[in-house]
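A.B. asks:
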Amino acid sequence: MHAHTDRDQFAPPRPPARLRAITLAVLVHAVLIGALTWGVNWKNTADQPAVEAELWAAVPTLAAPRAVEPPPPPPPPPVQQVTPPAPPPPPVRAAEPPDTREADIAIEREKKRLEQEKKAREQQQLREKRERDRKEEERRDRLEQEKKERLQKERDKEKEQREKQLAEQKKAEQDKQKKLAEDKRKADEASKRKAEAEAKHLAEQREANLRRIQGLAGATGGENATGTALRSAGPSGSYGGKVAAKVKPNIVYPDAISGNPRAEVEVRLSPDGTIVGKRLVQSSGNKAWDDAVLRALDKTETLPRDVDGRVPPSLTIGFRPQD
């Protein structure tokens, strides 16, 4: 709306109204007609001469009685004045176009001003758009950075939890192995104590039996014998072969073995030949072979009697894979 008002102020003046032009023309014609009429009347008056006479007498005379003046002659008929035809009105000149240079200059200035304002608004809008774009980009970058930091924290937390879980599992496994080792140690100690107790019990039982037998019959040892048995307690020369023949079929060892190592086992027996205890006194160097020998003795359970019908209370037996 302000732009429209400014444009009206700098617009060229509007041409005069048609009514005003007609009124001016009529007044001009009336003045011309009046002037012509006055000129004609002035000329007629000048053409009629004025006569005036003055009389002088040499002798004074009495004045005669005033004569009766004759009636004045009738006035001449008025001269009819022929009114010349009115001259044609001068042609109405077309109104000269107003000088619009100043208006054009004002319009051009206004156009430039409007263009400058438009350009300024566009530049301002462009700056505002760039500022909005910059802020939006900063916002996106900030959100992206926050997202990366959040993901990194989550990954670090997960990694820490995994490491903690692995450490707990490792510790639990170590505790388990430690407990198993401790249980095995306790079991071995218990087995050892049990075996020692059984061996002691068997020895006491054997000594009691020997004393009982000794009381029933005389001793068979020599004069220089220091033992308390009725006869020598050592097994015969063929007893080892009989024991090996009984135990070896129960040895199960499918794997190949290098060399021919010897595993020696001390076996404790009851009087009827039942195996009541065993102990590996010398390893073959191959744990699998040692375990196979011990399992075979467990499976055998009893050993045969010697040629004299007796069973030695204990003996050491050697086993080789290729015997």
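Under our numbering, the first residue of the sequence shown carries the number 67, and numbering increases by one thereafter.
Where is the CB? At the ideal position from N, CA and C, for every residue including glycine.
Just so you know, these numbers come straight off a predicted model, no measurement behind them.
(1) Out of curiosity, what's the CA-to-CA distance linking V97 and A172?
(2) Quick check on R86: buried or exposed, where buried means 16 or more other Cβ atoms within 10 Å of its Cβ?
(3) Mapping DSSP to helix, strand and coil, what is V331?
(4) Roughly how many angstroms separate the alpha carbons of V94 and T103, rounded to a whole number?
(5) Which residues in the same chain as K365 place their Cβ atom closer than 7 Å to its Cβ, once the five residues preceding and following it in sequence are excluded?
(6) Return helix, strand or coil for Q348, following the three-state DSSP convention.
(7) From the DSSP output, in three-state form, read off T340 for me.
(8) In this structure, does DSSP put I317 in helix, strand or coil?
(9) Would you call the CB atoms of P370 and K308 closer than 8 Å?
(10) Is the beta carbon of P378 sitting closer than 8 Å to the one on N352?
(11) Would you call R334 buried or exposed, if buried means 16 or more other Cβ atoms sit within 10 Å of its Cβ?
(12) Work out the CA separation of E224 and E215 for me, nearest whole Å.
(13) Between A261 and G343, which are expected to be in contact by the criterion C-beta below 8 Å, what is the C-beta distance as a whole number of angstroms?
(14) Quick check on A358: buried or exposed, where buried means 16 or more other Cβ atoms within 10 Å of its Cβ?
(15) Going straight from the alpha carbon of R167 to that of K184, what length do you get?
(16) According to DSSP, which residues form a beta bridge with I383?
C.D. replies: By the coordinates alone:
(1) In the sequence shown, the residue the question calls residue 97 occupies position 31. In the sequence shown, the residue the question calls residue 172 occupies position 106. When rounded, the distance between both Cα atoms is 41 Å.
(2) Residue numbering aside, residue 86 sits at position 20 when the sequence shown is read from its first letter. The residue in question, R86, is exposed, as its Cβ has fewer than 16 Cβ neighbours within 10 Å.
(3) Looking up residue 331 in the sequence shown gives position 265. Residue state, collapsed to three classes: strand.
(4) Position 28 of the sequence shown holds residue 94. Position 37 of the sequence shown holds residue 103. Taking the straight line from one Cα to the other gives about 15 Å.
(5) For the purposes of this step, residue 365 is taken as the residue at position 299 of the sequence shown. Non-local C-beta neighbours of K365 in its own chain, meaning closer than 7 Å and more than five positions away in sequence, comprise N316, ordered along the chain.
(6) Taking the sequence shown and counting its residues from 1, one reaches residue 348 at position 282. In the structure shown, Q348 sits in a strand (DSSP, three-state: E or B).
(7) Reading the sequence shown from its first residue, position 274 is the one you call residue 340. For T340, the three-state secondary structure derived from DSSP is strand.
(8) As a first step, residue 317 must be located in the sequence shown, where it is residue number 251. Three-state result, I317: coil.
(9) Locating residue 370 in the sequence shown gives position 304, counting from the first residue. Locating residue 308 in the sequence shown gives position 242, counting from the first residue. Closer than 8 Å, so yes.
(10) By one-based count along the sequence shown, residue 378 stands at place 312. By one-based count along the sequence shown, residue 352 stands at place 286. No, the pair does not count as a contact, with Cβ atoms beyond the cut-off.
(11) Here residue 334 refers to the residue found at position 268 of the sequence shown. Buried: at least 16 other Cβ atoms inside 10 Å.
(12) To locate residue 215, count along the sequence shown from 1; it is residue 149. To locate residue 224, count along the sequence shown from 1; it is residue 158. One C-alpha to the other measures close to 14 Å.
(13) Within the sequence shown, residue 261 is the residue found at index 195, counting from 1. Within the sequence shown, residue 343 is the residue found at index 277, counting from 1. A261 to G343, Cβ: 5 Å. Contact.
(14) As a working mapping, residue 358 is identified with position 292 in the sequence shown. With 16 or more other Cβ atoms within 10 Å, it is buried.
(15) Within the sequence shown, numbered from 1, the residue matching residue 167 stands at position 101. Within the sequence shown, numbered from 1, the residue matching residue 184 stands at position 118. The alpha-carbon atoms of R167 and K184 are separated by roughly 25 Å.
(16) In the sequence shown, residue 383 corresponds to position 317, counting from 1. I383 pairs with V331.
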